[in-house]
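Participant: One structure coming up, written as structure tokens, with questions to follow.
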């Protein structure tokens, strides 16, 4: 990973987190991608998808953690982000063990 820290807006961070959630079970579905695209602009989605695509899971989690520190999220904003994460996890009507594991990791990072 490069030593330069990428500073994202809250919207960019949200999309990056949702992309990680969509890929938690190593299978991004069309429904998951469409859901994520509906939450942002085409430009933001494409920028964050390109960024996400080049990262390992470890790099992704580190970037998320680093960027969360930069923003002060209210309890309401975190609750909304968690709701959106579950929308992505359950878009295929299943909650796999890998998705559950990622959810616990992200829960620890967010709180």
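In my numbering, the protein residues as written are 1 to 111. Where a beta carbon is used, it is the ideal one built from N, C-alpha and C, also for glycine. Note that this is a predicted model, so its numbers are computed, not measured.
What does the alpha-carbon distance come out to for the pair residue 68 and residue 13?
Facilitator: Taking the straight line from one Cα to the other gives about 8 Å.
Participant: Does DSSP put residue 50 in a helix, in a strand, or in coil?
Facilitator: Here residue 50 sits in helix by DSSP.
Participant: Which value, in whole angstroms, describes the spacing of the CA atoms of residue 19 and residue 98?
Facilitator: For residue 19 and residue 98, the distance between alpha carbons rounds to 14 Å.
Participant: For residue 75, name the three-state secondary structure that DSSP assigns.
Facilitator: Of the three classes helix, strand and coil, the one that applies to residue 75 here is helix, per DSSP.
Participant: Would you kindly report the start and end of the unbroken alpha helix (DSSP H) that includes residue 101?
Facilitator: That run of the alpha helix (DSSP H) goes 97-110.
Participant: How far does the alpha helix (DSSP H) with residue 11 in it reach, from first residue to last?
Facilitator: Here the alpha helix (DSSP H) through residue 11 covers 10-22.
Participant: Tell me whether the stretch 77-87 and the stretch 51-68 touch, counting them as touching only if at least three CB pairs, one residue from each stretch, are closer than 8 Å.
Facilitator: Cβ pair count under 8 Å is below three, so no.
Participant: According to DSSP, is residue 60 part of a helix, a strand, or is it coil?
Facilitator: DSSP places residue 60 in helix when its eight states are reduced to three.
Participant: For residue 96, collect the residues of the same chain with a Cβ closer than 6 Å to its Cβ; drop the 5 residues on either side in sequence, then sort them by chain order.
Facilitator: So the qualifying residues of the chain are 25.
Participant: Is it buried or exposed for residue 41, if we count other Cβ within 10 angstroms and need 16 for buried?
Facilitator: Exposed is the call here.
Participant: Which term fits residue 113, buried or exposed, when burial requires 16 or more other beta carbons within 10 angstroms of its beta carbon?
Facilitator: Not covered by the structure: residue 113. The range shown for the chain is 1 to 111.
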